[in-house]
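0 is the number of the first residue of the sequence shown in numbering that gives the first Met the number 0; add one for each residue after it.
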Amino acid sequence: MTTHRSPATSTRWPVRILRGISAVGASFLAFLVVAIVLGAYFPVIPKAGVIGPVLGGQYPFHIAMLALVAAVLAALAWRAGLVCWGRTVTVITTLCTLAALAIGGIQFRAAQNAGVDISLSEPFTELAYPAAKPDETKTYASPGGEPLQVDAYLPKKNPGKKTPAVVLAHAGGFHTFDKSDLRGTGRWLADHGVAVFAVDYRLAGPDRTTWNKAPQDLVSALRWAQQNVDEYGIDSSRISLGGMSAGGTLAMNTAYRLHNGTIKATDGATPKSPASVVGFYPGTDVSQMWKDDVAGTREAAEMFTGGTPEQYPDRYREVSPTSDIRPGLPRTLLVVGDRDRSARPETITDFGDALKKQGVDTEVKKLPFAEHAFDDAYGSLTSQTSRQILLDFLTTDKR
0 MTTHRSPATS
10 TRWPVRILRG
20 ISAVGASFLA
30 FLVVAIVLGA
40 YFPVIPKAGV
50 IGPVLGGQYP
60 FHIAMLALVA
70 AVLAALAWRA
80 GLVCWGRTVT
90 VITTLCTLAA
100 LAIGGIQFRA
110 AQNAGVDISL
120 SEPFTELAYP
130 AAKPDETKTY
140 ASPGGEPLQV
150 DAYLPKKNPG
160 KKTPAVVLAH
170 AGGFHTFDKS
180 DLRGTGRWLA
190 DHGVAVFAVD
200 YRLAGPDRTT
210 WNKAPQDLVS
220 ALRWAQQNVD
230 EYGIDSSRIS
240 LGGMSAGGTL
250 AMNTAYRLHN
260 GTIKATDGAT
270 PKSPASVVGF
280 YPGTDVSQMW
290 KDDVAGTREA
300 AEMFTGGTPE
310 QYPDRYREVS
320 PTSDIRPGLP
330 RTLLVVGDRD
340 RSARPETITD
350 FGDALKKQGV
360 DTEVKKLPFA
370 EHAFDDAYGS
380 LTSQTSRQIL
390 LDFLTTDKR
């Protein structure tokens, strides 16, 4: 006996398959975008508050697109018969789309206020560091026979006109990464008239402390830049020192100590203090980094100094920029994301206020919906904004 399927039964199977695929896809994407968006707006939420500011802050338009796809899939499942579920998920993901676009809109307004020549394509085409290359790489010092190199990103030569310059130290918790992380920023600044010298410095490790070595490396790097002003067409009175995260900590600590006379070169002449200092999401107090223990800051502080603040209070004090706040320090730029868990915005603001109370010309810039290392996503609106802020600071001549 042969059983024949009715036409109605045959047509229900594709509908069920479509409904199942749409429901699974919408559920997965909805869970993802809800976690990211909620975390971006409310960083106190466990786990979501970690990924939300990173993904939502750096890629808001991508998150909006994912949320929109989830809304479309949920709507298909709704039409295919999952009425209550489909309606609910459609509403939630539509709200997530609007919330993600709101983040992008807020960041767009911040970029406009900073005077950025905004690129709307870069958030989609420049997701990470660009493949930029330095104009040349040289060895600026060899402490203990260990060569330390500098990548030079140079503006086009303009005869008769000298350019400002900045020596930049990379991020990495004092123990990882290298100067190549600065290639995007270096190339962009050079293309806009600022010479950039991205430097390596001695990194800490489980069996190697560098609390008294890395600052000396930046002293040597600054001296090297000052000694080569003629070769690179640099204005000797406009050489700055800066860095990102741990590199910013080192840059501020070294610059302030040079001004205060509490650090001297151990391998030659001591350079003069820089014209200005830049700290992108820096640690201002290494003891506080140890206490907070956020995203490996305690481990980094212990590798850098060789132990805990209780074991080596003098070392922690010596390498913390908070220890060297005095009148007359160089102009200082501090840039931080308002969602930063490591270099907390209130800590950076308090540090800036302490500098201002001493009469130090200080700028503090907080970027909306931005976490630590917000400039890793080179094309993001936040990264575009931070580059413009840095350029304006370095090219402002306040002599």
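Idealized CB from N, CA, C, for every residue including glycine.
Please read all numbers here as calculations on a predicted model, not as lab measurements.
Distance, residue j Cα to residue i Cα
{"i": "S385", "j": "P367", "result": "11 Å"}
{"i": "Y200", "j": "L72", "result": "51 Å"}
{"i": "V165", "j": "L97", "result": "40 Å"}
{"i": "T296", "j": "T307", "result": "12 Å"}
{"i": "T269", "j": "K263", "result": "6 Å"}
{"i": "A369", "j": "K178", "result": "23 Å"}
{"i": "V43", "j": "D134", "result": "44 Å"}
{"i": "H371", "j": "G56", "result": "10 Å"}
{"i": "G51", "j": "K212", "result": "36 Å"}
{"i": "G357", "j": "V68", "result": "Per the sequence shown, residue 357 should be read as Gln rather than Gly. The straight-line gap from Cα to Cα measures roughly 53 Å."}
{"i": "E230", "j": "S141", "result": "21 Å"}
{"i": "R4", "j": "A76", "result": "In this predicted model, R4 has a pLDDT of only 49, less than 50, meaning its place in the structure is not dependable; the value taken from the coordinates is given anyway. Cα to Cα, R4 sits roughly 25 Å from A76."}
{"i": "Q225", "j": "S235", "result": "6 Å"}
{"i": "M64", "j": "T93", "result": "10 Å"}
{"i": "N112", "j": "T265", "result": "44 Å"}
{"i": "L217", "j": "I91", "result": "51 Å"}
When the options are compared against residue i, the one with the closest alpha-carbon
{"i": "K132", "options": "F303, P146, G185", "result": "G185"}
{"i": "L478", "options": "A66, D291, H169, Q225", "result": "It is not possible to answer for residue 478, since the shown part of the chain is limited to 0 through 398."}
{"i": "T395", "options": "Q287, T162, K212, K356", "result": "T162"}
{"i": "Y58", "options": "I102, G204, P214", "result": "I102"}
{"i": "P312", "options": "N112, W210, L126, L31", "result": "W210"}
{"i": "P74", "options": "T136, G85, D216", "result": "The sequence shown places Ala at residue 74, rather than the Pro named in the question. It is G85."}
{"i": "P273", "options": "R314, G260, M243, S239", "result": "S239"}
{"i": "T208", "options": "A194, H191, R314", "result": "R314"}
{"i": "L389", "options": "D349, P326, V193, S219", "result": "V193"}
Exposure of residue i, with buried meaning 16 or more beta-carbon neighbours within 10 Å
{"i": "T381", "result": "buried"}
{"i": "T400", "result": "For residue 400 there is no data in the structure shown, the boundaries of the chain being 0 and 398."}
{"i": "R108", "result": "exposed"}
{"i": "K406", "result": "The structure shown does not extend to residue 406, since the chain is modelled only from 0 to 398, so the question has no answer here."}
{"i": "P158", "result": "exposed"}
{"i": "T124", "result": "exposed"}
{"i": "E454", "result": "There is no way to answer for residue 454, as the model of the chain reaches only from 0 to 398."}
{"i": "A130", "result": "exposed"}
{"i": "Q215", "result": "buried"}
{"i": "Q106", "result": "buried"}
{"i": "T136", "result": "exposed"}
{"i": "P281", "result": "buried"}
{"i": "P154", "result": "buried"}
Residue i vs residue j beta-carbon contact at 8 Å
{"i": "G38", "j": "V23", "result": "no"}
{"i": "V36", "j": "C95", "result": "yes"}
{"i": "A99", "j": "A66", "result": "yes"}
{"i": "L328", "j": "H258", "result": "yes"}
{"i": "A376", "j": "S341", "result": "no"}
Close-in-space but distant-in-sequence residues of the same chain around residue i (CB under 6 Å, 5 per side omitted)
{"i": "W223", "result": "Y139"}
{"i": "G278", "result": "G247, M251, L333"}
{"i": "D360", "result": "R330"}
{"i": "S319", "result": "D284, V285"}
{"i": "F373", "result": "G336, T381"}
{"i": "F196", "result": "V149, A151, V166, A224"}
Residues near residue i in its chain [Cβ-Cβ closer than 8 Å; skip 5 each side]
{"i": "Q383", "result": "A110, V115, I117, S118, E121"}
{"i": "K156", "result": "G232"}
{"i": "G204", "result": "H174, M302"}
{"i": "L147", "result": "T138, Y139, A140, S141, V198, D199, Y200, R201, D216, S219, A220"}
Own chain partners of residue i with C-beta closer than 7 Å, once the 5 adjacent residues on each side are dropped
{"i": "F41", "result": "G48"}
{"i": "H191", "result": "L390"}
Cβ-heavy atom distance, residue i to the ligand MG, below 7 Å
{"i": "G295", "result": "Of the ligands one can find in the structure shown there are none, so the ligand MG has no counterpart to examine."}
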